[in-house]
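Novice:
There are 2 protein chains.
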Amino acid sequence: MNDDLPLADGAQARPYLSLRAPQPHYLRIRDQLVTDLARDLLPADSQLPAERELAERFACTRVTLRQALQLLESDGLIYRQNRRGWYVSPPRIRYDPTRISGFMEYVTAQGRTPRTECLQAQRGPAGAWLAKRMGLDHPEQQVFHLQRRRWVDQRPVLLEYNVLVAEWCPELLGQDLSTSLTQLLRERFGHVQSRSALLMHPETLDEKQAAQLQASPGSNGFYLERLSFGEQGQPVEFDREFWRPDALAVVLETQGAPL
Amino acid sequence: MNDDLPLADGAQARPYLSLRAPQPHYLRIRDQLVTDLARDLLPADSQLPAERELAERFACTRVTLRQALQLLESDGLIYRQNRRGWYVSPPRIRYDPTRISGFMEYVTAQGRTPRTECLQAQRGPAGAWLAKRMGLDHPEQQVFHLQRRRWVDQRPVLLEYNVLVAEWCPELLGQDLSTSLTQLLRERFGHVQSRSALLMHPETLDEKQAAQLQASPGSNGFYLERLSFGEQGQPVEFDREFWRPDALAVVLETQGAPL
Chain A
1 MNDDLPLADG AQARPYLSLR APQPHYLRIR DQLVTDLARD LLPADSQLPA ERELAERFAC
61 TRVTLRQALQ LLESDGLIYR QNRRGWYVSP PRIRYDPTRI SGFMEYVTAQ GRTPRTECLQ
121 AQRGPAGAWL AKRMGLDHPE QQVFHLQRRR WVDQRPVLLE YNVLVAEWCP ELLGQDLSTS
181 LTQLLRERFG HVQSRSALLM HPETLDEKQA AQLQASPGSN GFYLERLSFG EQGQPVEFDR
241 EFWRPDALAV VLETQGAPL
Chain B
1 MNDDLPLADG AQARPYLSLR APQPHYLRIR DQLVTDLARD LLPADSQLPA ERELAERFAC
61 TRVTLRQALQ LLESDGLIYR QNRRGWYVSP PRIRYDPTRI SGFMEYVTAQ GRTPRTECLQ
121 AQRGPAGAWL AKRMGLDHPE QQVFHLQRRR WVDQRPVLLE YNVLVAEWCP ELLGQDLSTS
181 LTQLLRERFG HVQSRSALLM HPETLDEKQA AQLQASPGSN GFYLERLSFG EQGQPVEFDR
241 EFWRPDALAV VLETQGAPL
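Here it is, written out as structure tokens:
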């Protein structure tokens, strides 16, 4: 399963870090659970035994057990669902930003089921911050603000904020926005984007975002931002995506070596 | 400063999230501090006023203040240094994986000072996990294991674990490893890498890593992994990098749009 994660036992996955001092108990528990996951004793989306049962099995306190479980959650190997217990995380969705493929397409291609939910859609002025960020002529320029939540299988994985220049795609709000936006732009408006500039880094989910993604409050997320340009090289769309920390791996191939 | 971060006031930077309920006090404090940072009232690497002083200024408890400061730390806007107080984070280093440019070079090009520190270097068998991960012929294949810490200006930002196939670059351990490894491979061994496969996602720093990067324990990091192939397409190097969450932004440009 999940070959993009160091799922072998911790000593092998991080050979440099385990040469010296004996590990604290919660790290040994973490490593044992990781080994079980790697051996597929616990398949994706299966429920872990109850915390009480696990604490007995590892002969540790609930506090120590929770430390181990929280590490596994942070590493994206398990997740909590609506306080009903702990579940094994499915493999991360792999996203290659250099390929021409949108969310609905690349999730499907990985044998998973994508779904898009439109939470909010309105028209208004861009405002100073967005105008500067997008390189628009002035802050009063009309844009569409969309907020969408995207799901993989039964899990919300991504909050997406799209800003689109209104004159580039008028009547957008009359369309079905719970689908592929880029496909809609192409098929309804005959538009393609000529070029995109991407930026990504870890970023903490705020409380509301964490709740919307069923992640623990204060959970770290993965932030992706994409500024796209239209046929004449003009800025037309600015997307900001906040991913659950365990849902996405960005992958790409490069030619030649860093020197 | 720092134009890759939403440094405008919170209401502008996240227009969708502030339309409704009034914000809790610590979020208002966070936003006020963000505004001060955006206005350059607090330049990079300057020290914030003492917590007691800030709590007085915002008429809040130390607990509330700390909640706000921890959010700012998670967002990469401030950092703690050796318990001597809070400091304003410098801009993230921008790394474009599609360009042929290594750490020492791209950090210098951004007007910052890179430094590489070799923490460990040894020869040994790859082991089962690495052999599988790298696609080596067998687990006994000899590799060099390097562990290096890389600095930008006065801050450690990155722990790097390099694994290199020993027969590809014999005598590597006799070289100066506190410099650009790829430059060394090219100049000393006449090697270039033909192709690399990259993978990146958020990942929690373990306690030792967090300490080595002067980050808070349990802090989230940014994980980058790079498998590089040699002149004949054979796997030659496997790098794993753990970055401070606030130190790096991955940027790239793509042609054409996701459909």
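Top to bottom, those sequences are chains A and B. The numbering of the first sequence is the UniProt record's numbering, which starts it at 1 and goes up by one. The numbering of the second sequence is the UniProt record's numbering, which starts it at 1 and goes up by one. We treat Cβ as the ideally placed atom computed from N, Cα and C, and that holds for glycine.
What is the DSSP secondary structure of alanine 8 of chain B, counted as helix, strand or coil?
Specialist: For the purposes of this step, residue 8 of chain B is identified with residue 8 of the second sequence, where counting begins at 1. For alanine 8 of chain B, the predicted structure reports a pLDDT of 32, less than 50, and the residue's modelled location is therefore unreliable. The matter cannot be settled from this model.
Novice: Less than 8 Å between the beta carbons of proline 235 of chain B and leucine 252 of chain A, yes or no?
Specialist: As a working mapping, residue 235 of chain B is identified with position 235 in the second sequence. As a working mapping, residue 252 of chain A is identified with position 252 in the first sequence. No, Cβ-Cβ distance for proline 235 of chain B and leucine 252 of chain A is not below 8 Å.
Novice: Expressed to the nearest angstrom, what Euclidean distance is found between the alpha-carbon atoms of leucine 71 of chain A and glutamine 154 of chain A?
Specialist: Position 71 of the first sequence holds residue 71 of chain A. Position 154 of the first sequence holds residue 154 of chain A. Answer to the nearest angstrom: the Cα atoms are 23 Å apart.
Novice: Shorter than 8 Å from the beta carbon of valine 157 of chain B to some beta carbon of chain A?
Specialist: Here residue 157 of chain B refers to the residue found at position 157 when the second sequence is read from its first residue. No, because no Cβ of chain A sits closer than 8 Å to the Cβ of valine 157 of chain B.
Novice: Would arginine 195 of chain B pass as an interface residue toward chain A - the criterion being a Cβ-Cβ separation below 8 Å?
Specialist: Position 195 of the second sequence, counted from the first residue, corresponds to residue 195 of chain B. By this cut-off, arginine 195 of chain B is an interface position.
Novice: Go through the region 149-213 of chain B residue by residue and report every complete run of the beta strand (DSSP E) that reaches 3 residues or more, in order.
Specialist: Correct list: 155-165, 195-204.
Novice: Take glycine 102 of chain A and list the residues in its own chain whose beta-carbon comes closer than 6 Å to its own, dropping the five residues that flank it on each side.
Specialist: Position 102 of the first sequence, counted from the start, is the residue given in the question as residue 102 of chain A. Taken in chain order, the residues that qualify are Ser180, Thr182.
Novice: Please list, in chain order, all residues of the same chain as glutamine 47 of chain B whose beta carbon is under 6 Å from its beta carbon, the five residues on each side excluded.
Specialist: Position 47 of the second sequence, counted from the start, is the residue given in the question as residue 47 of chain B. Excluding positions up to five away in sequence, the list reads Gly85, Tyr87.
Novice: Looking at chain A, is there any beta carbon in it that lies within less than 8 Å of the beta carbon of arginine 92 of chain B?
Specialist: For the purposes of this step, residue 92 of chain B is taken as residue 92 along the second sequence, with counting starting at 1. Yes, because at least one Cβ of chain A sits closer than 8 Å to the Cβ of arginine 92 of chain B.
Novice: Quick check on alanine 128 of chain B: does DSSP put it in helix, strand or coil?
Specialist: The residue you call residue 128 of chain B lines up with position 128 of the second sequence. Note: alanine 128 of chain B maps to helix in three-state DSSP.
Novice: Run through the DSSP bridge pairs and tell me what cysteine 118 of chain A is partnered with.
Specialist: On the first sequence, residue 118 of chain A is found 118 positions in, with the first residue counted as 1. In DSSP, cysteine 118 of chain A forms a bridge with A:Arg148.
Novice: Relative to the C-alpha of glutamine 232 of chain A, which candidate in A:Phe222, A:Ser196, A:Ala215, A:Pro217 has its C-alpha closest?
Specialist: Taking the first sequence and counting its residues from 1, the one referred to as residue 232 of chain A is at position 232. With distances taken between Cα atoms, glutamine 232 of chain A lies closest to A:Ser196.
Novice: Measuring only the C-alpha atoms, how far is proline 90 of chain B from glycine 230 of chain B?
Specialist: Along the second sequence, one-based indexing puts residue 90 of chain B at 90. Along the second sequence, one-based indexing puts residue 230 of chain B at 230. When rounded, the distance between both Cα atoms is 36 Å.
Novice: Applying the 10 Å Cβ sphere with the 16-neighbour rule, what's the burial state of leucine 227 of chain A?
Specialist: As a position in the first sequence, residue 227 of chain A is number 227, starting the count at 1. The residue is buried, with at least 16 neighbouring Cβ atoms inside 10 Å.
Novice: Please specify which runs of the alpha helix (DSSP H), each continuous and at least 4 residues long, are wholly inside the region 24-68 of chain B, giving them in chain order.
Specialist: Counting whole runs of 4 or more residues, the region 24-68 of chain B contains the alpha helix (DSSP H) stretches 25-38, 51-57.
Novice: Evaluate valine 63 of chain A with the Cβ neighbour count: other Cβ atoms within 10 Å of its Cβ, from every protein chain shown; 16 or more gives buried, anything less gives exposed.
Specialist: Residue mapping note: residue 63 of chain A aligns to position 63 of the first sequence, counting from 1. Valine 63 of chain A comes out exposed.
Novice: List the endpoints of the continuous alpha helix (DSSP H) containing threonine 108 of chain B.
Specialist: For this step, residue 108 of chain B is matched to residue 108 along the second sequence. Counting along the chain, the alpha helix (DSSP H) containing threonine 108 of chain B begins and ends at 103-109.
Novice: Can you tell me whether arginine 133 of chain B is helix, strand or coil according to DSSP?
Specialist: Along the second sequence, read from residue 1 onward, the residue named residue 133 of chain B stands at position 133. The answer is helix: DSSP assigns arginine 133 of chain B an H, G or I state.
Novice: Which one of B:Thr204, B:Glu241, B:Gln212 has the shortest CA to CA distance from serine 74 of chain B?
Specialist: For the purposes of this step, residue 74 of chain B is taken as the residue at position 74 of the second sequence. Selected option, being the one with the closest Cα: B:Thr204.
Novice: Nearest-angstrom Cα distance between glycine 174 of chain B and glycine 190 of chain B?
Specialist: Reading the second sequence from its first residue, position 174 is the one you call residue 174 of chain B. Reading the second sequence from its first residue, position 190 is the one you call residue 190 of chain B. Taking the straight line from one Cα to the other gives about 16 Å.
Novice: Contact between the region 53-63 of chain A and the region 214-221 of chain A is defined here as three or more beta-carbon pairs at a separation below 8 Å; is this criterion met?
Specialist: No, they do not touch.
Novice: Which term fits histidine 138 of chain A, buried or exposed, when burial requires 16 or more other beta carbons within 10 angstroms of its beta carbon?
Specialist: Taking the first residue of the first sequence as 1, we reach residue 138 of chain A at position 138. The residue in question, histidine 138 of chain A, is exposed, as its Cβ has fewer than 16 Cβ neighbours within 10 Å.
Novice: Looking at arginine 133 of chain A and phenylalanine 238 of chain A, is the spacing between their C-beta atoms short of 8 Å?
Specialist: Position 238 of the first sequence holds residue 238 of chain A. Position 133 of the first sequence holds residue 133 of chain A. Result yes, Cβ atoms of phenylalanine 238 of chain A and arginine 133 of chain A sit closer than 8 Å.
Novice: Do arginine 244 of chain B and valine 157 of chain B have their C-beta atoms within less than 8 Å of each other?
Specialist: Here residue 244 of chain B refers to the residue found at position 244 of the second sequence. Here residue 157 of chain B refers to the residue found at position 157 of the second sequence. Yes; because the gap between Cβ atoms is below 8 Å, this pair is in contact.
Novice: Where does glutamine 70 of chain A sit, in a helix, a strand or coil, going by DSSP?
Specialist: Counting from 1 along the first sequence, the entry for residue 70 of chain A is found at position 70. Reduced to three states, the DSSP call for glutamine 70 of chain A is helix.
Novice: Return the Cβ separation of arginine 148 of chain A and glutamate 117 of chain A in integer angstroms, given the expectation that the two are a contact with Cβ distance under 8 Å.
Specialist: Numbered from 1 along the first sequence, position 148 holds the residue referred to as residue 148 of chain A. Numbered from 1 along the first sequence, position 117 holds the residue referred to as residue 117 of chain A. Arginine 148 of chain A to glutamate 117 of chain A, Cβ: 6 Å. Contact.
Novice: Classify arginine 92 of chain A as helix, strand or coil using the three-state DSSP reduction.
Specialist: Along the first sequence, one-based indexing puts residue 92 of chain A at 92. If DSSP states are grouped into helix, strand and coil, arginine 92 of chain A belongs with coil.
Novice: Taking the Cβ atom as the reference point for each residue, do leucine 198 of chain B and glutamate 225 of chain B lie within a distance shorter than 8 Å?
Specialist: One-based indexing of the second sequence puts residue 198 of chain B at position 198. One-based indexing of the second sequence puts residue 225 of chain B at position 225. Yes, the Cβ-Cβ distance between leucine 198 of chain B and glutamate 225 of chain B is below 8 Å.
Novice: So, is the C-beta of threonine 179 of chain B closer than 8 Å to a C-beta in chain A?
Specialist: What you label residue 179 of chain B is simply residue 179 of the second sequence in a count that begins at 1. For threonine 179 of chain B, the answer is no, since every Cβ of chain A falls outside 8 Å of its Cβ.
Novice: Pull the bridge partners of arginine 240 of chain B from the DSSP assignment, please.
Specialist: Residue numbering aside, residue 240 of chain B sits at position 240 when the second sequence is read from its first letter. Per DSSP, B:Tyr161, B:Glu225.
Novice: Against chain A, with Cβ distances strictly below 8 Å, would leucine 136 of chain B count as a contact?
Specialist: Numbered from its first residue, the second sequence carries residue 136 of chain B at position 136. Chain A, which has no Cβ nearer than 8 Å to the Cβ of leucine 136 of chain B, makes this no.
Novice: Once DSSP output is grouped into helix, strand and coil, what is the label at threonine 254 of chain A?
Specialist: Here residue 254 of chain A refers to the residue found at position 254 when the first sequence is read from its first residue. Note: threonine 254 of chain A maps to strand in three-state DSSP.
Novice: On the CB-based measure, 16 or more other CB atoms within 10 Å of its CB, does alanine 109 of chain B come out buried or exposed?
Specialist: Against the second sequence, residue 109 of chain B aligns to sequence position 109. Exposed, since its Cβ has fewer than 16 Cβ neighbours within 10 Å.
Novice: I'd like to check one pair, phenylalanine 144 of chain A with leucine 119 of chain A: are the Cβ atoms closer than 8 Å?
Specialist: As a position in the first sequence, residue 119 of chain A is number 119, starting the count at 1. As a position in the first sequence, residue 144 of chain A is number 144, starting the count at 1. Not closer than 8 Å, so no.
Novice: Expressed to the nearest angstrom, what Euclidean distance is found between the alpha-carbon atoms of tyrosine 79 of chain B and leucine 42 of chain B?
Specialist: Position 79 of the second sequence, counted from the start, is the residue given in the question as residue 79 of chain B. Position 42 of the second sequence, counted from the start, is the residue given in the question as residue 42 of chain B. If you take the alpha carbons of tyrosine 79 of chain B and leucine 42 of chain B, they lie about 13 Å apart.
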